[in-house]
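Colleague: Taken in sequence, the protein lines are chains A and B. Here the numbering used here runs 60 ahead of the position in the first sequence, where the first position is 1. Here the numbering used here runs 13 ahead of the position in the second sequence, where the first position is 1. Here a beta-carbon is modelled for each residue, glycine too, at the ideal position from N, C-alpha and C. One structure follows; several queries about it will come next.
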Amino acid sequence: MRATRQQILARWLGVLIIVSLWSQNAFAHPQKGEAVGFLTGFRHPISGLDHVLAMVAVGLWGAQLGAPAIWLLPVAFPIVMAMGGMLGLMGIPLPGTEYGIALSAILLGAAVMFEIKPPLGVAAALVGFFAIFHGHAHGTELPPGQSALLYSMGFVVATGCLHAVGIGIGAVHRWRWGQSLLRFAGGLVAMGGAFFMWKAFA
Amino acid sequence: MRRVEQSRLPLYTFIGFTFVMLAFPAEAHLNTTGMGPFYDGLMHFLMSPEDIVPVLALALWSGLRGAAYGRRALFTLPVAWLAGAFLGLSTANAVIHPIIAAAWFLLLGGLLAADAKLSLRVTTALAAFLGLYHGYLNGTGMGQPMSAVVVLLGLVFAIFVLVALAAAFVVRLQAQWARIAVRVAGSWIAASGLLMLGWAVRTR
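What follows is the structure in structure tokens.
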């Protein structure tokens, strides 16, 4: 037996009433929705491949260099990056941000590919220099209206996790085949950086 | 025989109104646990990152410095917090400045990241200032002093437990990599503080 047009309409109307009246709690206070701030902050660094490449490369290079660089570089990067982010938030311009980010992937990738082992200060200065570009780019892109505290925490934690991924992958350095694999990975990072450099110029 | 089709609109309307009557309580306040003011205070602390992160940083840093420092933070911070909260109870409203919140993150995260070798007196003073400031902010606007006292007790209990657990965990860490991992957490807290500072003074 087929339902008439009127019956179908009545059914849909009923469903519509149920859905529209099935209201959720009104979270009037901002803290109820703060998870949104953390998650959007967490997603931000991992949403751009150029950032991901450079940050993983920092971990890979740290793993190649060994202690104490393996710890110093991931400690230095978030703090200097946050300084760059602060400059971006304050509206202080930094010329050539996109070129700096692409160049960071190229040089860090090359450092991993050729297993370059400079003095610790030089490695930290190089990583810190490029961290300013990454932070500035993030700072200028931050959407207004987010929860500053949770967004910042999510952002920094995601950056640290990317370094940890790099360090984790870099753990294969203890084996001969792992060393070759790391050099290959460094080459891929450098190639990715070259692609982003080409995009920045295009 | 043909059945007479009737409109189901009244039935759907009835179901709709049943759902309407099945309304949840409006949780206008943040941490209404339904378990009383003590747990409300406890949950308030645990659900407030602007409170919990500096406390965690102080606990980890004092733990890195040794058992004596951890003990000093363990007893100074909750007492100062409670004192600050009692002071705040008489105030209806307080201005929470984001730059000060960011400065606490930056200072304590930086001390932890650097494993700063400050004296026991300075550690005590830092714990006291942190407790007084944040306790004062917690105490303001709580209204009804009697129930507020129980809320504050729950809050201070949570602080005591957190400091005890975090500091004790770090005090017994011997491996170099584990101690550096704790310092990495400090760098993350300091970096968050820097970004918060940028947010506070953002011009765009």
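Am I right that L71/B and L95/B are in contact with their C-beta atoms under 8 Å? What's the rounded C-beta distance?
Modeller: About 16 Å separates the two Cβ atoms, so there is no contact after all.
Colleague: With contact counted as at least three CB pairs below 8 Å, one residue from each stretch, are the region 165–183 of chain B and the region 110–128 of chain B in contact?
Modeller: No: the two stretches stay apart, fewer than three of their Cβ pairs being nearer than 8 Å.
Colleague: Between the beta-carbon of V249/A and the beta-carbon of A117/A, is there less than 8 Å?
Modeller: Yes.
Colleague: Closest Cβ-Cβ distance between F215/A and chain B: below 8 Å?
Modeller: Closer than 8 Å: yes.
Colleague: When you check each C-beta in the region 49–81 of chain B against every C-beta of chain A, which residues fall closer than 8 Å?
Modeller: Answer in chain order: M60, S61, P62, E63, V66.
Colleague: Is M209/B close to chain A? Criterion is C-beta to C-beta, closer than 8 Å.
Modeller: By this cut-off, M209/B is an interface position.
Colleague: How many angstroms separate the CA atom of A141/B from the CA atom of R85/B?
Modeller: So the alpha carbons of these two residues sit roughly 10 Å apart.
Colleague: Which two residues bound the contiguous alpha helix (DSSP H) that contains P50/B?
Modeller: Segment 50–59, the alpha helix (DSSP H) holding P50/B.
Colleague: With H, G and I counted as helix, E and B as strand and the rest as coil, what does DSSP make of N106/B?
Modeller: If DSSP states are grouped into helix, strand and coil, N106/B belongs with coil.
Colleague: Looking at M209/B: is its Cβ nearer than 8 Å to the Cβ of A93/B?
Modeller: No, the Cβ-Cβ distance between M209/B and A93/B is not below 8 Å.
Colleague: How would you write the range of the alpha helix (DSSP H) that I176/A sits in, first residue to last?
Modeller: Element bounds for I176/A: n/a, residue is neither H nor E.
Colleague: Closest Cβ-Cβ distance between V183/B and chain A: below 8 Å?
Modeller: No - not a single Cβ of chain A is within 8 Å of the one on V183/B.
Colleague: Would you tell me roughly how many angstroms separate the C-alpha atoms of A188/B and M115/A, rounded to the nearest one?
Modeller: Using only the alpha carbons, I get a separation of about 26 Å.
Colleague: Is there a C-beta anywhere in chain B that falls below 8 Å from the one on M115/A?
Modeller: By this cut-off, M115/A is not an interface position.
Colleague: Once the 5 residues before and after I65/B are set aside, which same chain residues still bring their CB inside 8 Å of it?
Modeller: So the list reads F58, L59, L175, once near-sequence residues are dropped.
Colleague: Tell me the rounded alpha-carbon separation between L133/A and L242/A.
Modeller: C-alpha separation (whole angstroms): 18 Å.
Colleague: With burial defined as no fewer than 16 other Cβ atoms inside 10 Å of the residue's Cβ, what is the status of T157/A: buried or exposed?
Modeller: Answer is buried; the Cβ neighbour count reaches 16.
Colleague: Kindly list, in the order they appear in chain A, the residues whose Cβ is closer than 7 Å to that of V135/B.
Modeller: Simply none; closest approach about 22 Å.
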